[in-house]
Structures are given as C-alpha cells and as structure tokens.
Amino acid sequence: MAWFFRNRVPWAGGRLLVDPAVCGARTVASAFFGFYEHSERRLIRRHLLDIDTVELGSSVGGVTAESARKLGRQRALVCVEANPNLQWILAQNIQSFASHLKVLVVPKAVAYSGTLVKFSIAANSSDSRLSQKDGDDGSISIEAVSLRELPGVDAMNRCQLVCDIEGGEWDIVANEHELLSRCERIIAEVHGANMVVSFDRFCDCLSKLGFRLLGRDGYVGAFGR
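If you read the sequence shown in the numbering used here, its first letter stands for residue 5, the second for the next number, and so on.
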C-alpha cells in the first residue's frame with residue numbers, strides 16, 4: 005500500500021509522508037483509510053481558531069497538516085515531538101502542508117518530573133510514549149521541557165493548544181495555569197485508566213480554569229472560553 009503511493013498517502017488536500025519502516029504498518033494503514041487521528045482532525049476542522057498554535061505530540065504531522073489548513077499566513081505554530089525517529093518525516097510534512105506558517109519544531113518531551121525523561125519507542129509510532137517503568141526497558145532519554153518554556157510561547161498573547169501526549173495533558177492542567185489563561189481553545193485527547201471517568205474529570209478541571217466543552221468525539225474534546 006505504502007509502496008504503491010511511494011510512502012505518501014492522500015491527506016488533507018495533499019499527500020502525507022508515512023514511512024512504514026519508521027511509523028509502522030498499522031499507522032500507515034490507518035492514515036491510508038482515513039482513520040488516523042480522526043477525532044482530533046474532526047474537532048480541529050470545527051473548532052480551531054486562526055491564531056497562534058502550540059501542538060504537543062505532533063508525531064508524523066497528520067494533525068499538523070489539518071491544523072495548517074485553518075491557520076492564516078505567518079501564524080506561529082510550535083510543534084513538539086519527542087520521538088527522534090519521526091523528526092525527518094515531520095519536517096517534510098510541515099514543508100508540504102504548513103510552509104505558509106512560521107513553524108518551530110521542538111524535539112523534546114513535555115514533562116514536569118525532571119530535565120530528562122525516559123521515552124519508549126514502539127513499532128507503531130502511535131504507541132510511543134513516556135515510559136513509566138524502572139530499569140532497562142529499551143527506552144531512551146529525552147530532554148524534557150515545560151509548556152511555558154517552549155520558545156516563542158511567552159510572546160503569544162492569544163493562543164490555542166492541540167494536545168495528544170498520552171496522559172501528559174493532566175500535568176499541563178496542573179502546572180500551566182498562567183499560560184492557559186491566555187489560551188482560547190484546547191483540543192486534547194484525554195487518557196486514563198477509566199476513560200469515561202477521566203474525560204469527565206478533565207472537563208471539570210478545565211471548567212475551573214474558565215473553559216467549557218464545545219464538542220467531543222470519543223475521548224477527544226474541544227474546549228473554549
């Protein structure tokens with residue numbers, strides 16, 4: 005499938021680079037059939053504003069491509085992706101879909117537990133995440149950064165957040181009240197042991213910060229003021 009399209013599948017009005025040797029066959033198939041990050045993309049099309057944007061967990065750039073269609077020329081877009089194997093794919097997809105934007109890619113992990121964190125790289129890129137295991141589990145060390153430390157974020161008076169960092173959304177809600185006060189939209193996939201309870205609790209946490217739920221698709225929510 006990927007070979008037939010030379011590793012570029014139809015996507016968001018263009019062609020998305022997805023190399024199965026790096027992304028994994030499941031991710032490539034999901035992108036080809038349009039299932040990849042479907043919930044995030046649907047909510048982005050409905051709720052993303054034309055303002056400066058921070059994207060956490062950019063992966064190969066599929067969501068980035070969808071966001072770029074909503075953002076006007078020279079808007080700032082900060083993309084954070086911890087997986088070093090995806091950096092070259094993300095860069096090429098940004099060139100294909102977001103060349104009209106001022107894009108900055110940050111190859112770090114958003115975390116609040118130290119300057120270095122362990123990151124586990126899975127065969128399918130969608131399964132890669134921060135490692136919670138002790139000992140040698142094959143994970144690598146990645147430099148950590150907080151949301152407020154990202155380059156350019158402090159200059160954003162109005163911004164929005166697109167977030168899929170496998171549970172890290174809870175740390176952001178707990179630690180980034182000042183930055184979130186400048187945030188007008190949040191589109192986030194919510195993770196937790198009990199997804200129903202976790203989503204409701206996440207909505208409650210954001211409501212205390214002045215956000216309301218604008219729409220949801222599964223366990224991805226769009227929140228605004």
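Virtual Cβ for every residue (Gly too), placed ideally from N, Cα, C. All of these numbers come straight from a predicted model, not from anything done at the bench.
| Item | Value |
| --- | --- |
| Cβ pair residue 146, residue 192 closer than 8 Å | no |
| Neighbour-count burial assignment, residue 87, 16 or more Cβ in a 10 Å radius | buried |
| Alpha-carbon to alpha-carbon, residue 133 and residue 123 | 6 Å |
| Nearest candidate by alpha-carbon position, reference residue 144, set 227, 106, 135 and 129 | 135 |
| Residue 227 versus residue 71: straight-line alpha-carbon distance, rounded | 16 Å |
| Enclosing alpha helix (DSSP H) for residue 66 [first to last residue] | 66-72 |
| Segment contact flag, the stretch 65-85 with the stretch 15-28, C-beta cutoff 8 Å, min 3 pairs | yes |
| Sequence-distant residues of the same chain with beta carbon closer than 7 Å to residue 96, five excluded per side | 21 |
| Per-residue DSSP class, three states only, for residue 57 | strand |
| Given residue 26 as reference, the closest of 201, 111, 130 and 154 once Cα atoms are compared | 130 |
| Rounded Cβ spacing between residue 186 and residue 167 (contact assumed at less than 8 Å) | Not confirmed; about 15 Å, so no contact. |
| Per-residue burial, residue 11 [other beta carbons within 10 Å of its own, 16 or more giving buried] | buried |
| CB of residue 115 within 8 Å of CB of residue 172, strictly | yes |
| Residue 39 in three-state terms, based on DSSP | coil |
| 7 Å Cβ shell around residue 28 - same chain, five flanking residues per side excluded | 127, 128 and 129 |
| Endpoints, the beta strand (DSSP E) within which residue 91 is located | Run containing residue 91: none in the beta strand (DSSP E); it sits in the alpha helix (DSSP H), 91-101. |
| Cα-Cα separation, residue 91 to residue 63 | 8 Å |
| Which residues DSSP lists as bridging residue 83, in chain order | 59 and 109 |
| Cutoff 7 Å; reference residue 35; Cβ partners in own chain excluding five residues on either side | 13, 15, 20, 22 and 66 |
| Coil, strand or helix - residue 114 by DSSP | strand |
| Buried versus exposed call for residue 204 [16 or more other C-beta atoms within 10 Å across all chains shown] | exposed |
| Alpha-carbon to alpha-carbon, residue 210 and residue 119 | 27 Å |
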